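Some notes on the structure that comes next.
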Amino acid sequence: MENLNNKVNPDNVMILIQGCRNNDRESQRLLYKHYYVYAMSICIRYAQSEEEAKEILNDGFMKVFAKIKMYDSSKSFKGWMRRILINTAIDHFRANKKHYYHSDLEGCDDPADGNVISEMSYNELLGLVQKLSPMYRTVFSLYAIDGYSHEDIASELGISVGTSKSNLSKARANLRKMLVKTNKELYEQHI
Numbered sequence: 001m002e003n004l005n006n007k008v009n010p011d012n013v014m015i016l017i018q019g020c021r022n023n024d025r026e027s028q029r030l031l032y033k034h035y036y037v038y039a040m041s042i043c044i045r046y047a048q049s050e051e052e053a054k055e056i057l058n059d060g061f062m063k064v065f066a067k068i069k070m071y072d073s074s075k076s077f078k079g080w081m082r083r084i085l086i087n088t089a090i091d092h093f094r095a096n097k098k099h100y101y102h103s104d105l106e107g108c109d110d111p112a113d114g115n116v117i118s119e120m121s122y123n124e125l126l127g128l129v130q131k132l133s134p135m136y137r138t139v140f141s142l143y144a145i146d147g148y149s150h151e152d153i154a155s156e157l158g159i160s161v162g163t164s165k166s167n168l169s170k171a172r173a174n175l176r177k178m179l180v181k182t183n184k185e186l187y188e189q190h191i
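Residue numbers for the sequence shown, in the numbering used here: 1 to 191.
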């Protein structure tokens with residue numbers, strides 16, 4: 001695997017996958033390193049902190065390595081891995097559900113100024129999503145980012161379709177409220 005250290009391209013990924021199927025630790029290390037940023041971008045959306053995201057990511061990679069023999073090489077590895085990471089995040093949510101507080105904040109009628117969004121970085125927007133309660137954040141991420149239907153969300157999280165819709169609505173309202181506050185803070189900084 002020494003020749004793969006410098007550059008990982010699609011052909012090398014298949015070599016790494018084969019190495020992982022043979023439980024080769026170096027192949028696992030290189031595959032993990034190659035997909036770390038991509039995997040973290042998925043996990044962070046479901047986590048309350050970077051530490052929690054790393055925990056989900058590591059659990060997800062353990063599942064990837066355990067199930068890699070089931071991967072169909074005629075399909076996208078990234079897509080297959082993404083599905084495992086999202087399912088791991090959902091499992092993590094379910095396991096910690098009893099520890100989360102489900103805040104029932106009132107909706108907000110103040111529309112967020114679209115300009116504030118364009119002035120914010122991805123990390124700032126992600127920071128706002130991470131401030132949502134775990135249930136709101138999970139439903140929002142599954143629906144708005146990963147394209148799940150309310151029926152799929154309800155099934156995955158063990159909630160009703162109505163609860164999924166309600167949580168999405170409340171998540172959006174809370175994000176609007178945070179955006180209005182951020183917009184106000186930006187406005188006050190410029191005065």
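For glycine and all other residues, C-beta sits at the position ideal for the given N, C-alpha and C.
Bear in mind the structure is a predicted one, so any value in this text is a computation, not a measurement.
Contact check, residue i vs residue j, beta carbons under 7 Å
| i | j | result |
| --- | --- | --- |
| I56 | A89 | yes |
| A53 | A47 | yes |
| K170 | H150 | no |
| L126 | L175 | no |
| V8 | H34 | yes |
Span of the alpha helix (DSSP H) around residue i
| i | result |
| --- | --- |
| K75 | Here K75 belongs to no alpha helix (DSSP H), and DSSP marks it neither H nor E. |
| P48 | Residue identity check: residue 48 is Gln in the sequence provided, not Pro. That residue, Q48, is in no alpha helix (DSSP H); it is neither H nor E in DSSP. |
| A154 | 150 to 157 |
| L132 | Unbroken run through L132: none, as it is neither H nor E. |
Residue i - DSSP class collapsed to helix/strand/coil
| i | result |
| --- | --- |
| N174 | helix |
| K184 | helix |
| L105 | Any reading at L105 must be qualified, since the residue scores a pLDDT of 36, below 50, and its modelled position is unreliable; the value itself is stated next. DSSP places L105 in coil when its eight states are reduced to three. |
| N22 | coil |
| I15 | helix |
| D91 | helix |
| N9 | coil |
| D146 | coil |
| S166 | helix |
| L179 | helix |
Minimum C-alpha distance to residue i - residue among the options
| i | options | result |
| --- | --- | --- |
| N123 | M14, S49, L31 | S49 |
| L85 | Y136, L142, L30 | L142 |
| F93 | S27, V139, R82 | V139 |
| S41 | D146, N174, L175, A66 | D146 |
| M81 | K33, E51, G60 | G60 |
| Q18 | R45, E51, N183, K69 | K69 |
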